[in-house]
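Shown next, in structure tokens, is the structure this report addresses.
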Amino acid sequence: MEAPDYFRPENGVVLTHLLIVRDVDRSREFYRRVLGATVVRERRPAILRFHNSYIVINDEGGPTDDKPTVRAQAPADQDVLSSALNVRVTDVRAVYEQWRSRGGEFLTEPKDHGAEIRCYLRDPDGYLIELGQGTGILAEAGGTEGG
Numbered sequence: 139m140e141a142p143d144y145f146r147p148e149n150g151v152v153l154t155h156l157l158i159v160r161d162v163d164r165s166r167e168f169y170r171r172v173l174g175a176t177v178v179r180e181r182r183p184a185i186l187r188f189h190n191s192y193i194v195i196n197d198e199g200g201p202t203d204d205k206p207t208v209r210a211q212a213p214a215d216q217d218v219l220s221s222a223l224n225v226r227v228t229d230v231r232a233v234y235e236q237w238r239s240r241g242g243e244f245l246t247e248p249k250d251h252g253a254e255i256r257c258y259l260r261d262p263d264g265y266l267i268e269l270g271q272g273t274g275i276l277a278e279a280g281g282t283e284g285g
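At position 39 of the sequence shown the residue is numbered 177 (the working numbering), and the sequence of numbers has no breaks.
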């Protein structure tokens with residue numbers, strides 16, 4: 139199945155997150171099963187809708203004509219962080235329990251850091267996913283906090 143309006147966001151912009159993985163099927167199923175994302179496209183690339191965003195999952199490879207010096211590669215060392223998904227929710231402990239019951243393996247339980255409560259899990263390629271709940275982080279900076 140295709141995503142007919144994938145690159146036609148209602149307000150002119152949509153931010154997606156591209157993940158380069160070793161096994162597209164394995165990663166697609168992780169995001170579907172554990173996080174509850176909806177598969178919009180199976181592969182080449184796999185596209186999943188996650189609430190108001192999209193996760194794009196593609197194989198390693200390249201270079202390509204539009205990236206002539208760039209190779210796409212899954213993380214070589216999962217203990218070196220260069221990018222992470224950051225999922226903000228209104229009840230971090232409830233989502234933690236839900237994702238854990240679906241097979242999500244967290245590094246720790248949710249930790250309260252004052253302005254936010256957060257915890258982390260990894261996907262099959264080692265990408266770090268932060269699950270967090272704001273408890274005042276934007277108020278500290280003079281903004282508003284939505285949860």
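Don't be surprised by glycine CBs; every beta carbon is placed ideally from N, CA and C. Every value quoted in this text rests on a predicted model; they were computed, and no experiment measured them.
- In the DSSP annotation of this structure, the continuous segment of the alpha helix (DSSP H) that includes residue 163 starts and ends at 162-171.
- A distance below 6 Å between beta-carbons, with the five flanking residues on each side excluded, links residue 235 to no residue of its chain.
- Between residue 159 and residue 212, the C-beta gap is smaller than 8 Å, which places the two residues in contact.
- Burial state of residue 165 is buried, judged by a 10 Å Cβ sphere holding 16 or more other Cβ atoms.
- Here residue 254 carries a strand assignment [DSSP, helix/strand/coil].
- One thing to note: residue 225 has its Cβ no nearer than 8 Å to the Cβ of residue 257.
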